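Residue 25 is where the sequence shown starts when you use the working numbering, and the numbers rise one by one after that.
Using N, Cα and C, we set each Cβ at its ideal position, and we do this for glycine too.
What you are looking at is a predicted structure, and each value in this text was computed from that prediction instead of being measured.
As C-alpha cells, the structure follows; a few thoughts come after it.
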Amino acid sequence: MRQARNVLVSLSRAGPLWASGAPSVLYPVYAAKWDLSAAVTTSVFGVYPLSLLLVLLFFGSLSDTIGRRKTILIGVALIALSAIVFAIAPNVGFLYLGRVLQGVGTGFAIGAASAALVENNYTGNPRIASSLTTVSTSAGLTLALVISGLLAEYAPLPLVLSFVALLALTIVAFVLTLFTPHDETVGQRWTFALPRVAPGMLRPFVLATISVSIAYAVGAMFLSLGADMAREFTGTTNLFAIGALLGVSSATIGITALFLSRMHAHTTILIGGALSVIGLGLMAAASATGSILVLLLWCIIGGMGYSFSFTGGLSLINRTAPAHHRGATLSLLYLLAYVVQAVVAIGAGMLATALGLQMAVELASPILAVFCLAAVVLVLFERRTQPQPA
Numbered sequence: 025m026r027q028a029r030n031v032l033v034s035l036s037r038a039g040p041l042w043a044s045g046a047p048s049v050l051y052p053v054y055a056a057k058w059d060l061s062a063a064v065t066t067s068v069f070g071v072y073p074l075s076l077l078l079v080l081l082f083f084g085s086l087s088d089t090i091g092r093r094k095t096i097l098i099g100v101a102l103i104a105l106s107a108i109v110f111a112i113a114p115n116v117g118f119l120y121l122g123r124v125l126q127g128v129g130t131g132f133a134i135g136a137a138s139a140a141l142v143e144n145n146y147t148g149n150p151r152i153a154s155s156l157t158t159v160s161t162s163a164g165l166t167l168a169l170v171i172s173g174l175l176a177e178y179a180p181l182p183l184v185l186s187f188v189a190l191l192a193l194t195i196v197a198f199v200l201t202l203f204t205p206h207d208e209t210v211g212q213r214w215t216f217a218l219p220r221v222a223p224g225m226l227r228p229f230v231l232a233t234i235s236v237s238i239a240y241a242v243g244a245m246f247l248s249l250g251a252d253m254a255r256e257f258t259g260t261t262n263l264f265a266i267g268a269l270l271g272v273s274s275a276t277i278g279i280t281a282l283f284l285s286r287m288h289a290h291t292t293i294l295i296g297g298a299l300s301v302i303g304l305g306l307m308a309a310a311s312a313t314g315s316i317l318v319l320l321l322w323c324i325i326g327g328m329g330y331s332f333s334f335t336g337g338l339s340l341i342n343r344t345a346p347a348h349h350r351g352a353t354l355s356l357l358y359l360l361a362y363v364v365q366a367v368v369a370i371g372a373g374m375l376a377t378a379l380g381l382q383m384a385v386e387l388a389s390p391i392l393a394v395f396c397l398a399a400v401v402l403v404l405f406e407r408r409t410q411p412q413p414a
C-alpha cells in the first residue's frame with residue numbers, strides 16, 4: 025500500500041513540475057506572436073514563484089492539519105484550471121493569470137507531496153524520499169519540455185495542445201489521489217500560522233535552504249532563458265529540438281538522483297555546490313562562444329548540480345524535521361527557495377532586455393557562483409563542527 029501511495033504522490037508532484045516547465049519551450053512562440061520582450065517573458069515565469077511563495081507563507085502548515093491528501097487535491101485542481109486558462113489565452117494577460125494559478129496550485133501540492141513521500145517511505149532509508157522527490161521533479165520537467173516542444177512544432181494548435189496534455193495529466197493525478205487513504209490529523213483544526221523553523225534545527229535548515237535555493241536559482245536561468253539560448257546557439261527555431269536539448273538537463277537530474285539515496289546529505293550538498301559552479305562557468309562559456317557542445321555540457325553538468333543540491337537539501341530537512349512540523353518546515357524551505365528563483369528569473373530577464381542575452385548570462389553567472397561557494401563553505405564548517413553523518 026505504501027509503495028503504491030508513493031507512486032501516486034510522485035505523480036501528483038510531477039504534475040506541478042510539468043506545469044512549471046510547460047510554458048518554457050513556448051516562450052519564444054508567445055514572444056513572436058505578441059511581440060514580447062525578454063523582460064516580459066521572464067516576468068511571466070517570475071509570477072509563478074511569487075504566487076507560489078504567498079501560498080507557502082500563509083498556508084504552509086495546512087497539510088500538517090487537514091492532511092497531505094486533501095492539500096494535494098486542492099493544488100492539483102488549481103493546476104488543472106491553469107491549463108485551461110493557458111489553452112484559451114488570447115493575450116499575455118492570460119499567461120500571467122495561468123502562471124498565478126500554477127503557482128498557487130503548486131504551493132498547495134508541493135510541500136504536502138514532499139512530506140507524504142517521507143511519511144510513506146517503506147524502505148527504511150530516510151534518503152529514499154529525497155531521491156524520489158528529485159526523480160519526480162525531473163520526470164515532470166522532462167515531459168513538459170520534450171512533449172511541449174513536440175506538440176508545438178509538429179501538431180496543430182501549438183499553444184493549445186501542450187496544455188491539453190497538462191490538463192489530462194492533472195485529471196489523472198486528481199482521480200488517482202482520490203483513491204489514496206485519508207490522512208487527516210484527528211482532533212486538530214487548521215489555524216493561520218506563519219511557517220517557522222522547529223526549535224533546534226536552525227543550522228540544518230539554513231544549510232538545506234541555501235542548497236535547494238542554488239538548484240532553484242540555476243533552474244530559473246535555465247527555464248526562463250534556456251529556450252532563447254538554445255535557439256540562438258543552435259540557429260534553429262524547431263521547438264522539438266530546443267525542448268529535447270533542454271530535456272537533456274532535466275533528464276540528467278532524475279538519472280543522477282537514482283544514485284544519491286545512500287549518500288550523506290552534507291556530502292551531497294558539497295558536491296552539488298561544486299558542480300553548480302562548474303555548470304555556471306559552462307553556461308557563461310556557452311553564451312560567449314555560441315558553442316552547441318558547450319551548451320550541451322552545461323545542460324548535463326547543470327542537471328547534475330541541480331540534482332545534488334536539491335536532493336541534499338531535502339535529505340537534510342527530512343532527517344532533522346519532526347514529523348508534526350515537517351509540512352510547515354518544507355513549506356518554509358520552498359518559500360525561501362522560490363523567492364530566490366523569482367528574483368533570479370526577473371533579474372535575468374531585465375538584464376537580457378537591457379544589455380542582451382550574452383551580457384545577462386555573463387553578469388548573472390559569477391553572482392550565482394558566489395552563492396554556490398557559500399554553500400560549500402557552510403557545509404565544510406558544519407561537517408567540521410558536527411562531524412556525525414546526515
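- Here Tyr178 is exposed, its C-beta having fewer than 16 other C-beta atoms within 10 Å.
- Closest in alpha carbon position to Ala241, among Ala136, Ala189 and Gly327, is Gly327.
- Shown here, Asn115 sits in coil according to DSSP, grouped into three states, outside any helix or strand.
- For Met328, the enclosing alpha helix (DSSP H) covers residues Ile316 to Thr344.
- If you check the CB distance, Thr158 and Phe405 do not come in under 7 Å.
- Annotated as distal: Ala388 and Ala376, with beta-carbon spacing of 7 Å or more.
- Taken atom to atom, the span from the alpha-carbon of Met287 to that of Ser61 is near 43 Å.
- Around the Cβ of Leu169, a 10 Å sphere holds 16 or more other Cβ atoms; the residue is buried.
- Residue nearest to Asn262 within the set Ile370, Ile279, Ser172 and Leu202 is Ser172 (criterion: CA-CA distance).
- Burial is judged here by how many other beta carbons sit within 10 angstroms of a residue's own beta carbon; Asp59 has fewer than 16 and is exposed.
- With at least 16 other beta carbons inside 10 angstroms of its own, Gly267 counts as buried.
- For Thr261, there is no enclosing alpha helix (DSSP H), as DSSP gives it neither H nor E.
- The shortest CA-to-CA distance from Val221 to any of Leu356, Ala56, Lys57 and Gly259 is the one to Leu356.
- Contact between the stretch 91-106 and the stretch 356-371 is absent: fewer than 3 CB-CB pairs across the two stretches fall below 8 Å.
- The distance from the Cβ of Pro180 to that of Thr344 is about 51 Å, inconsistent with a contact at the 8 Å cut-off.
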